[in-house]
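Asker: Below is one structure. I have some questions about it.
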Amino acid sequence: MSDIPRKKHSLNPDDSCFPLINLPLGWAVCNLDRLAELRTEKIDPRDAPNEKYIGLEHIEGGGTRRLLGNGRAGDVKSSKNVFYSGDILFGKLRPYLRKVVQVDFSGICSTDILVLKPTQAADPKFLAQLLASPQIAEFGSIRSQGVSLPRIKWKQMAGLKLPLPPLAEQRRIAAQLDHAYIKSQKAREHLAGIPHNLDQSRKSLLARAFSGSLSALNTDRIQNWSVVSLRDVVENLQQGWSPRCHNHPVQGNEWGIIKTTAIQPMIFNGAENKALPARIEPRPLLEIKTGDILITRKGPRARAGVTAFVTDTLPKLMVSDTVYRLRAKRSHCDPKFLAYLLNTPSALKELDQLKAGVSESGVGFTQSQLLSLSFSIPLVDEQIAIVKNLDLAFKRIESAENAYNSAIVALNKLDQTILSDALAGLLAPQDPSDEPASILLNRTLAIKSSILTMKKLRSKPKKNAESIDDIIRSFSGSEFTFEQLQERSTSSYDALKDKIFSMLSEKPALLEQIFDKQRRHLVFKQLP
């Protein structure tokens with residue numbers, strides 16, 4: 018489609034997350050608030066306990082635009098937003114999660130969700146696809162406010178400039194994006210089980226290795242493996258130190274303390290550290306060296322007891338208070354063999370049973386408990402052979418994992434490219450007979466202005482208009498209907514109704530209510 022006629026727009030790129038130059042003829046540039054209006058209606062859930070409720074937890078992330086389910090209004094508290102069928106729900110908390118969905122029913126939702134009503138200038142499906150895009154997520158994330166709970170406000174989203182195709186082309190693009198999305202999702206579903214399978218492969222390899230089946234030597238020697246405790250094969254176990262550090266990592270010749278995030282199963286990431294202030298004297302005895310084994314000693318249950326092996330490290334990094342450092346007796350046990358052993362399912366299970374704490378978010382174990390762990394080990398030469406085989410096997414798994422990650426990155430880029438192509442007019446064909454987007458925008462703006470004008474006229478009484486009392490007196494004691502009163506008055510229905518009821522309930526009554534049997538309806542008559 019390189020021969021598509023195009024027109025140029027000159028706009029500040031900070032106002033948008035999409036290219037706004039060389040758009041196809043018939044397209045326009047507009048703010049997001051021309052395509053969607055924010056609903057601000059609130060409700061107390063106690064007033065509608067049986068309504069459907071949607072929280073952020075009910076919207077699938079990743080821009081899938083899928084609803085995972087819903088709750089019940091009666092089960093939540095505090096004021097909530099109201100939404101209607103056809104609205105688009107946009108998660109404003111952590112917008113990078115891309116929690117967006119178009120609903121086909123009415124209900125209430127969390128106040129961490131923006132309720133957007135598509136205008137007549139936007140195809141609802143096209144708009145939902147746009148709002149669920151990685152580009153919008155990035156735009157929202159950059160402009161979010163709040164550190165631990167970043168949120169984007171509508172006023173920051175409303176001015177976002179977007180390329181707008183004609184309405185008919187929006188529908189064609191939406192259909193093409195849906196088709197591409199289905200293919201992308203199928204590819205993701207094929208890949209979805211890979212991380213779990215790789216994890217299971219690691220566990221299986223470790224279990225086999227420590228049953229003797231991965232040894233390059235005589236596997237019958239499993240019967241001659243020795244049962245030892247960790248205390249028997251460790252020459253040094255030391256707990257770290259956690260002084261108040263800078264928030265930045267070490268630079269140059271600085272000393273630093275590692276974070277617990279530096280420790281992952283069999284992997285040590287020295288970049289996860291905090292610099293030690295120059296005024297604090299370092300403790301060189303706590304410096305991490307190649308061949309060290311590091312174990313997190315406390316934290317959430319899933320993070321306590323994680324064991325890493327140090328294959329490489331920055332100089333002058335020290336162990337933190339939440340970590341134990343082990344150094345193996347090399348005459349009895351190869352360090353990496355010991356690290357692998359502490360990552361086996363059986364060792365992890367035994368270690369998990371030692372953990373204690375007030376809650377699952379804070380458990381730990383002592384040095385003596387750790388040293389009491391027991392296991393079987395072969396002679397050092399066989400340990401080294403097992404480590405060699407494990408390294409080769411894990412390298413193959415790592416290659417598969419890298420291929421998986423590359424595939425996911427490629428899919429994400431493909432999704433972004435498809436949307437970018439769509440918003441450059443390269444995905445769906447242009448039709449010269451389509452109404453230009455600029456005319457569509459002008460027409461919808463005129464309709465909106467007309468509606469606002471009518472609302473103002475209805476809410477504002479005409480100058481010099483007769484009062485309700487004057488109109489009733491003008492009937493001069495004759496019977497009149499409510500409809501006749503409405504025809505002559507500029508007051509609202511509610512105002513007329515209230516006036517009638519007030520005059521009927523006065524003591525003595527100022528109006529008489531009569532049922533006209535012939536015409537079979539009520540009439541009123543002013544009393545003298």
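If you count by my numbering, then the sequence shown holds residues 18 to 545, one letter each, in order.
Glycine is no exception: its CB is placed at the ideal position from the N, C-alpha and C atoms.
Computed from a predicted structure; not experimentally measured.
#1: Out of G157, L388 and P66, state which residue places its alpha-carbon closest to the alpha-carbon of L110.
#2: Taking G538 as part of the beta strand (DSSP E), name the residues at either end of that continuous run.
#3: So, is L311 buried or exposed, given that buried needs 16 or more other C-beta atoms within 10 angstroms?
#4: Following the continuous beta strand (DSSP E) through I533, name the residue where it begins and the one where it ends.
#5: Evaluate H75 with the Cβ neighbour count: other Cβ atoms within 10 Å of its Cβ, from every protein chain shown; 16 or more gives buried, anything less gives exposed.
#6: Spell out a yes or no on whether the region 33-40 and the region 111-119 are touching, meaning 3 or more CB-CB pairs, one atom from each, closer than 8 Å.
#7: Which of helix, strand or coil does DSSP assign to F156?
#8: Assign P352 to buried or exposed, taking buried as 16 or more other Cβ atoms, counted over all protein chains shown, within 10 Å of its Cβ.
#9: Is I489 helix, strand or coil by DSSP?
#10: With 16 as the cutoff for other CB atoms within 10 Å, does D329 come out buried or exposed?
#11: Per DSSP, M335 forms a beta bridge with which residues?
#12: Answer with buried or exposed for D408, where buried requires no fewer than 16 other C-beta atoms within 10 angstroms of its C-beta.
#13: When DSSP labels each residue in this structure, what does R261 get in the three-state scheme?
#14: My assumption, with CB atoms under 8 Å, is that R336 sits in contact with G273. Please give the rounded CB distance.
#15: What's the C-alpha gap between L49 and D448?
#16: With distances taken Cα to Cα, identify the nearest neighbour of P260 among Y101, I297 and Q268.
#17: With a Cβ-Cβ cutoff of 8 Å, do V245 and F392 count as a contact?
#18: Between the alpha carbons of Q370 and G210, how many angstroms are there, rounded?
#19: In whole angstroms, what separates the C-alpha of L539 from that of R505?
#20: Taking the alpha-carbon of N67 as reference, which of D487, A90 and P294 has the nearest alpha-carbon?
#21: Report the start-end ranges of each beta strand (DSSP E) in the region 378-447 that is 3 residues or longer and not cut off at the edges.
#22: Using alpha carbons as the reference points, say which of S522, T498 and E523 lies closest to K542.
#23: Can you name, in chain order, every residue of its own chain whose Cβ lies under 6 Å from the Cβ of A192, other than the five neighbours on each side?
#24: Beta-carbon within less than 8 Å of T388's beta-carbon, same chain only, minus the 5 sequence neighbours each way: which residues are those?
#25: Where do the N-terminal and C-terminal ends of the alpha helix (DSSP H) with Y198 fall, by residue?
#26: Going by C-alpha distance, which of E58, D515, R188 and K514 is nearest L133?
#27: So for K516, helix, strand or coil by DSSP?
#28: Would you kindly check if the distance between the Cβ of T461 and the Cβ of T136 is under 8 Å?
#29: Along the chain, where does the alpha helix (DSSP H) containing V250 start, and where does it finish?
#30: Assign A149 to one of three DSSP states: helix, strand, or coil.
#31: Bridge partners for G11 per DSSP, in chain order?
#32: I'd like the span of the beta strand (DSSP E) that includes K97, first residue to last.
#33: So does the region 332-351 actually touch the region 301-321, counting three or more Cβ pairs closer than 8 Å?
Answerer: Quick answer:
#1: Along the sequence shown, read from residue 1 onward, the residue named residue 110 stands at position 93. Of the candidates G157, L388 and P66, G157 places its Cα closest to the Cα of L110.
#2: Here residue 538 refers to the residue found at position 521 when the sequence shown is read from its first residue. A quick correction: the sequence has His, not Gly, at residue 538. Counting along the chain, the beta strand (DSSP E) containing H538 begins and ends at H538 to Q543.
#3: Translated into positions along the sequence shown, residue 311 becomes position 294. In this structure L311 is buried. Its beta-carbon is surrounded by 16 or more other beta-carbon atoms within 10 angstroms.
#4: One-based indexing of the sequence shown puts residue 533 at position 516. The sequence given here has Asp at residue 533, not Ile. Going by DSSP, D533 is part of the beta strand (DSSP E) stretching over L528 to D533.
#5: Position 58 of the sequence shown holds residue 75. It counts as buried.
#6: Counting Cβ pairs under 8 Å, fewer than three are found: no touch.
#7: One-based indexing of the sequence shown puts residue 156 at position 139. Three-state result, F156: helix.
#8: Residue numbering aside, residue 352 sits at position 335 when the sequence shown is read from its first letter. Classification of P352: buried, given that the 10 Å Cβ count is 16 or more.
#9: Your numbering for residue 489 matches position 472 in the sequence shown. Three-state DSSP puts I489 in a helix.
#10: Taking the first residue of the sequence shown as position 1, residue 329 is located at position 312. D329 sits exposed, since fewer than 16 C-beta atoms from the chains shown fall within 10 Å of its C-beta.
#11: For the purposes of this step, residue 335 is identified with residue 318 of the sequence shown, where counting begins at 1. M335 is bridged to I274 and E304.
#12: On the sequence shown, residue 408 is found 391 positions in, with the first residue counted as 1. Per the 10 Å Cβ criterion, exposed.
#13: Stepping through the sequence shown from its first residue, residue 261 is reached at position 244. In the structure shown, R261 falls within a coil segment according to DSSP collapsed to helix, strand and coil.
#14: Within the sequence shown, the letter at position 319 stands for residue 336. Within the sequence shown, the letter at position 256 stands for residue 273. Strictly speaking, residue 336 in this sequence is Val, with Arg absent from that position. Contact annotation, V336 with G273: C-beta distance approximately 11 Å; criterion of less than 8 Å not satisfied.
#15: As a position in the sequence shown, residue 49 is number 32, starting the count at 1. As a position in the sequence shown, residue 448 is number 431, starting the count at 1. Cα to Cα, the separation comes out at about 24 Å.
#16: The residue you call residue 260 lines up with position 243 of the sequence shown. Taking P260 as reference, the option from Y101, I297 and Q268 with the minimal CA-CA separation is I297.
#17: In the sequence shown, residue 245 corresponds to position 228, counting from 1. In the sequence shown, residue 392 corresponds to position 375, counting from 1. Taking a C-beta distance under 8 Å as the contact criterion, V245 and F392 qualify as a contact pair.
#18: For the purposes of this step, residue 370 is taken as the residue at position 353 of the sequence shown. For the purposes of this step, residue 210 is taken as the residue at position 193 of the sequence shown. For Q370 and G210, the gap between their C-alpha atoms comes out near 29 Å.
#19: Mapped onto the sequence shown, residue 539 falls at position 522. Mapped onto the sequence shown, residue 505 falls at position 488. Those two C-alpha atoms are separated by around 18 Å.
#20: For the purposes of this step, residue 67 is identified with residue 50 of the sequence shown, where counting begins at 1. The alpha carbon of N67 has as its nearest neighbour, out of D487, A90 and P294, the alpha carbon of A90.
#21: Look at the region 378-447 and you find these whole runs of beta strand (DSSP E), each 3 residues long or longer: 379-381 and 391-394.
#22: Here residue 542 corresponds to residue number 525 of the sequence shown, with the count starting at 1. Measuring from the Cα of K542, the nearest candidate turns out to be T498.
#23: Taking the first residue of the sequence shown as position 1, residue 192 is located at position 175. None.
#24: By one-based count along the sequence shown, residue 388 stands at place 371. The residue asked about is misnamed: residue 388 is Leu in this sequence, not Thr. Counting only Cβ-Cβ distances below 8 Å, and skipping sequence neighbours, we find S246, L247, R248, V251 and L254.
#25: Counting from 1 along the sequence shown, the entry for residue 198 is found at position 181. Note, Y198: alpha helix (DSSP H), L184 to A209.
#26: Walking along the sequence shown from the start, residue 133 turns up at place 116. Nearest of E58, D515, R188 and K514 to L133, Cα basis: E58.
#27: Here residue 516 refers to the residue found at position 499 of the sequence shown. In the structure shown, K516 adopts helical secondary structure according to DSSP, grouped into three states.
#28: Walking along the sequence shown from the start, residue 136 turns up at place 119. Walking along the sequence shown from the start, residue 461 turns up at place 444. Cβ atoms of T136 and T461: closer than 8 Å.
#29: By 1-based counting over the sequence shown, the position of residue 250 is 233. Element bounds for V250: L247 to V250.
#30: Here residue 149 is taken as the residue at index 132 of the sequence shown, counted from 1. Three-state DSSP puts A149 in coil, outside helix and strand.
#31: Because residue 11 is not part of the residues shown, which for the chain are 18 to 545, the question remains open.
#32: Within the sequence shown, numbered from 1, the residue matching residue 97 stands at position 80. Unbroken beta strand (DSSP E) run through K97: K97 to F100.
#33: Because the criterion of three Cβ pairs below 8 Å is met, the region 332-351 and the region 301-321 touch.
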